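The structure appears below as structure tokens.
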Amino acid sequence: MAGSSLLALLDDIAAVLDDVALMTKVAAKKTSGVLGDDLALNAQQVSGVRADRELPVVWAVAKGSFLNKLILVPLALAISAFIPWAVTPLLMVGGAFLCYEGFEKLAHKFLHPKTASTESEHQETPALSPEEIATYETQKIKGAIRTDFILSAEIIAITLGTVAHTGFLQQVLVMSGIAIVMTVGVYGLVAGIVRLDDVGFYLSRKKASIARLIGNGLVNVTPYLMKTLSIVGTAAMFMVGGGILTHGLPMIHHLIEGASVSVLTLPTVGSILNMLTPTVLNMLFGVVAGAVVLLVVTLLGKLKPKKNAEKAS
């Protein structure tokens with residue numbers, strides 16, 4: 091009896107693990123788009139840090155990302171169990187914040203180009219004091235962790251939707267597995283990207299001509315890669331943020347779906363446009379939303395000094 095009970099228990103455990111593995115695979119597939127955005131954003135966030143401090147900064151952000159998910163997984167389970175209606179509003183607040191951050195970067199770049207250039211040169215100069223370097227690194231880390239929190243919330247929410255019909259244990263296992271795999275994957279790749287130039291310098295000093303050719307290629311390509319990631323990272327803020335907002339607004343979501351279906355009638359390019367239309371429209375909606383939020387934040391910021399002045403008088 092004891093032996094048969096043990097076998098039955100092991101069989102149940104195997105069945106649960108099979109279900110967990112299958113659902114983890116499905117959740118990973120659904121969150122792969124957010125993973126790409128997460129990679130681009132975080133590679134962009136750690137750019138501009140001194141070369142010998144890049145890996146420590148990536149590690150600090152990775153630890154912050156683990157902490158984010160340690161908060162988000164239990165929170166998502168609790169919200170799903172007790173106040174499931176709150177998931178969409180919370181996601182939309184996060185989406186609006188992503189759009190705001192993206193538009194703020196665009197506004198700063200185009201409205202204050204000289205200031206941005208001066209700051210960039212100041213950041214890259216080696217004459218910064220240790221205190222200034224530490225402050226700059228802290229700001230970069232906080233910004234990256236803040237952005238990671240929103241993207242992590244999106245990943246956890248998508249995963250929760252995948253396992254919502256299962257038992258509590260399976261939800262915990264799948265969501266924890268996705269949280270760990272996504273964090274290790276993203277920051278492992280970010281660490282590799284930010285050290286590409288060092289690999290290039292190492293290979294360029296080798297005797298073999300092919301190694302030198304690859305090394306010089308990496309050295310020349312890395313600056314363009316980082317610029318590309320910066321652009322992609324900003325675009326990702328609008329795509330992810332705009333996508334969250336449009337999914338939370340049924341009328342807008344249906345309009346975008348209708349537009350993507352309507353382009354299918356076009357010859358030759360219909361299927362391609364069908365795939366691109368939702369992404370482009372979500373991004374445009376994200377740009378508009380970011381502009382609106384920035385305008386509101388700016389107006390509120392201008393009202394605060396007036397209120398303080400009135401109180402002082």
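Position 289 of the sequence shown, counting from 1, maps to 379 under our numbering, and the rest follow consecutively.
Yeah, the Cβ is synthetic: ideal placement off N, Cα and C, and Gly gets one too.
Just so you know, these numbers come straight off a predicted model, no measurement behind them.
Since I240 and A166 should fall inside the 8 Å C-beta cutoff, what is the C-beta to C-beta distance between them, to a whole number of angstroms?
With 8 Å as the limit, I240 and A166 do not qualify as a contact, their Cβ atoms being about 13 Å apart.
Could you tell me which of V151, L303, K296, R302 sits nearest to K230, measuring between CA atoms?
V151
Considering only their Cβ atoms, is the gap separating A381 from F193 smaller than 7 Å?
yes
Just confirm the distance between the C-beta atoms of L363 and L356, as a whole number of angstroms; I'd bet it's less than 8 Å.
6 Å
Going straight from the alpha carbon of L157 to that of G348, what length do you get?
40 Å
Sorted by chain position, which residues of the same chain lie with C-beta nearer than 7 Å to A301's C-beta, five sequence neighbours on each side aside?
L293
In the region 333-373, which residue ranges form an unbroken alpha helix (DSSP H) of at least 4 residues, counting only runs that do not cross its ends?
340-352
Between L275 and the rest of its own chain, which residues show a CB-CB distance below 6 Å, the 5 nearest in sequence each way excluded?
Residue identity differs from the one stated: residue 275 is Gly in this sequence, not Leu. Result list for G275: empty, nothing under 6 Å.
Taking the CB atoms as reference points, tell me whether L335 and G185 lie closer together than 7 Å.
yes
Alpha-carbon to alpha-carbon, P179 and I342:
16 Å
So within the region 257-292, which uninterrupted alpha helix (DSSP H) runs reach at least 4 residues, ignoring any that extend past its ends?
258-284
Distance, Cα to Cα, L390 vs M182?
20 Å
With burial defined as no fewer than 16 other Cβ atoms inside 10 Å of the residue's Cβ, what is the status of A200: buried or exposed?
Checking the sequence shown, residue 200 turns out to be Phe, not Ala. By the neighbour-count rule (16 or more Cβ atoms within 10 Å), F200 is not buried but exposed.
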